[in-house]
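Take the position in the sequence shown, starting the count at 1, then add 109; the result is the number in my numbering. A virtual CB, placed ideally from N, CA and C, is assigned to each residue, including glycine. Predicted model only: the values in this text are computed from it and were never measured.
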Amino acid sequence: MLIVVEDPDFLSDPFITAQVTGLTNYLTAHAYSLILRGMKPSDFRTTNLFQDIDADGMVAILSGERVQRDWFVRELSALRVPLVLLQEDRLPANKDSAIIRQDDFDGGRQIARHLLRNGARNCWVLLPQVEWAAMRARMDGAASEFALAGAPALNIVECGDESFSVTYNATLEALRTLPTPDAIIGGNDQMAIAAMKACSAAGLDVPRDVQVTGFNAFEMWRYVDPVLTTVRSAAHALGERAARELIDRLQTGQFREREIILPIEFQLGKSTSPRQ
């Protein structure tokens with residue numbers, strides 16, 4: 110498995126960890142082993158990864174801008190082993206490949222519909238500096254619903270490496286310099302929780318003054334007060350499905366499905382409420 114991400118501590122990300130866990134568990138149960146490698150996008154062109162690869166297939170999680178990710182996919186396709194891409198939104202030209210993702214676009218739409226029903230119009234979206242296809246899909250889904258409702262365009266607040274301190278400081282600075290939003294949409298739960306803390310530091314009540322939503326519904330959403338409104342991701346299932354499809358490809362000689370989209374589930378918490 111290859112994970113291309115700038116942060117060397119990538120396994121601290123619960124979404125990545127859940128995918129890796131699902132993949133590993135399924136492979137182990139079917140007598141396959143996993144080699145896990147991580148690299149920074151900036152090291153991709155100079156690494157010797159491709160000189161010593163000895164694997165039956167590859168599963169990859171990629172970050173970076175579209176042009177950069179397309180280049181990664183072309184390089185991986187040149188290895189001539191079956192390739193499964195997790196959370197990508199566009200099929201490669203390579204026929205011996207498949208993409209498996211969850212419906213992040215629909216998750217963004219569900220969040221937006223909920224906020225719009227609650228009376229929100231001026232909304233921010235917290236996104237990391239490094240682009241992830243899933244994060245972009247979440248924002249695009251929300252933006253489509255706001256446009257359909259004739260509401261103002263979403264305001265993007267860039268939050269660097271999406272760590273707690275960086276997200277907290279970026280949100281707090283935005284709250285101090287921009288008109289207070291009706292709602293803040295976190296690209297994931299960690300960012301949403303950091304935003305909730307920033308709202309509190311700015312003297313704002315969640316959800317009375319600002320509604321906040323997250324994404325993923327990993328265990329941490331239960332431990333904040335108010336409990337976070339979020340979307341339950343299929344991260345573990347993504348890893349399992351990638352392993353299942355790859356094993357099936359090795360046994361049959363081709364992928365039965367080249368594009369697989371798993372559903373997500375809206376999870377109502379207490380961090381949102383109708384505007385008074």
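Any chain C beta carbon closer than 8 Å to residue i
{"i": "CYS232", "result": "Absent from the structure is chain C; it holds one protein chain and no more."}
Exposure of residue i, with buried meaning 16 or more beta-carbon neighbours within 10 Å
{"i": "LEU287", "result": "exposed"}
{"i": "PHE273", "result": "exposed"}
{"i": "GLY296", "result": "buried"}
{"i": "ILE294", "result": "buried"}
{"i": "GLU197", "result": "buried"}
{"i": "LEU284", "result": "buried"}
{"i": "ALA127", "result": "buried"}
Inter-residue spacing [alpha-carbon to alpha-carbon] between residue i and residue j
{"i": "TYR277", "j": "PRO290", "result": "16 Å"}
{"i": "ASP357", "j": "ASN134", "result": "16 Å"}
{"i": "LEU347", "j": "LEU235", "result": "24 Å"}
{"i": "VAL315", "j": "VAL336", "result": "10 Å"}
{"i": "PHE327", "j": "ARG178", "result": "27 Å"}
{"i": "THR339", "j": "PHE181", "result": "31 Å"}
{"i": "GLY216", "j": "LEU136", "result": "29 Å"}
{"i": "ALA251", "j": "SER380", "result": "17 Å"}
{"i": "PHE364", "j": "SER342", "result": "24 Å"}
Unbroken alpha helix (DSSP H) run spanning residue i, endpoints
{"i": "PHE375", "result": "Where PHE375 is concerned, there is no enclosing alpha helix (DSSP H), although the beta strand (DSSP E) it sits in stretches over 374-376."}
{"i": "SER206", "result": "Segment 206-211 is the beta strand (DSSP E) holding SER206; no alpha helix (DSSP H) there."}
{"i": "ASN297", "result": "Unbroken run through ASN297: none, as it is neither H nor E."}
{"i": "GLU328", "result": "Element bounds for GLU328: n/a, residue is neither H nor E."}
{"i": "ARG387", "result": "The structure shown does not extend to residue 387, since the chain spans only 110 to 385, so no value can be given for it."}
{"i": "GLN267", "result": "The sequence shown places Glu at residue 267, not Gln. Not the alpha helix (DSSP H): GLU267 falls in the beta strand (DSSP E), residues 264-267."}
{"i": "LEU281", "result": "273-286"}
Of the residues the options, the one placed nearest residue i, counting alpha carbons only
{"i": "ALA352", "options": "ALA127, GLY131, PHE324 and THR338", "result": "GLY131"}
{"i": "ARG218", "options": "ILE208, LEU263, VAL176 and ALA202", "result": "LEU263"}
{"i": "ALA260", "options": "TYR332, CYS232 and ARG175", "result": "CYS232"}
{"i": "GLU366", "options": "ALA164, ARG210 and ASP122", "result": "ARG210"}
{"i": "GLY323", "options": "ALA138, GLN196, SER142 and ILE220", "result": "ILE220"}
{"i": "GLY147", "options": "VAL176, ASP116 and MET305", "result": "ASP116"}
Own chain, CB closer than 8 Å to residue i, minus 5 neighbours either side, in chain order
{"i": "MET167", "result": "MET110, LEU111, LEU185, LEU188, VAL190, PRO191, LEU192 and VAL193"}
{"i": "SER382", "result": "ASN227, PRO316, ARG317 and GLN320"}
{"i": "LEU281", "result": "ALA307, ALA310 and ALA311"}
Sequence-distant residues of the same chain with beta carbon closer than 7 Å to residue i, five excluded per side
{"i": "ILE125", "result": "ILE112, PHE119 and ILE170"}
{"i": "GLU174", "result": "GLU240"}
{"i": "LEU355", "result": "GLY166, VAL168, PRO191 and VAL193"}
{"i": "ASP254", "result": "Inspection of the sequence shows that residue 254 is occupied by Glu rather than by Asp. ARG218, ALA221, ARG222 and LEU225, listed in sequence order."}
{"i": "ASN203", "result": "SER186 and LEU192"}
The beta strand (DSSP E) enclosing residue i, as first and last residue numbers
{"i": "THR339", "result": "339-341"}
Cβ-heavy atom distance, residue i to the ligand SAH, below 7 Å
{"i": "PRO123", "result": "This structure does not include the ligand SAH; it has no bound ligands of any sort."}
Own chain residues within Cβ distance below 6 Å of residue i, not counting five before or after
{"i": "ASP213", "result": "ALA243, ALA246 and ARG247"}
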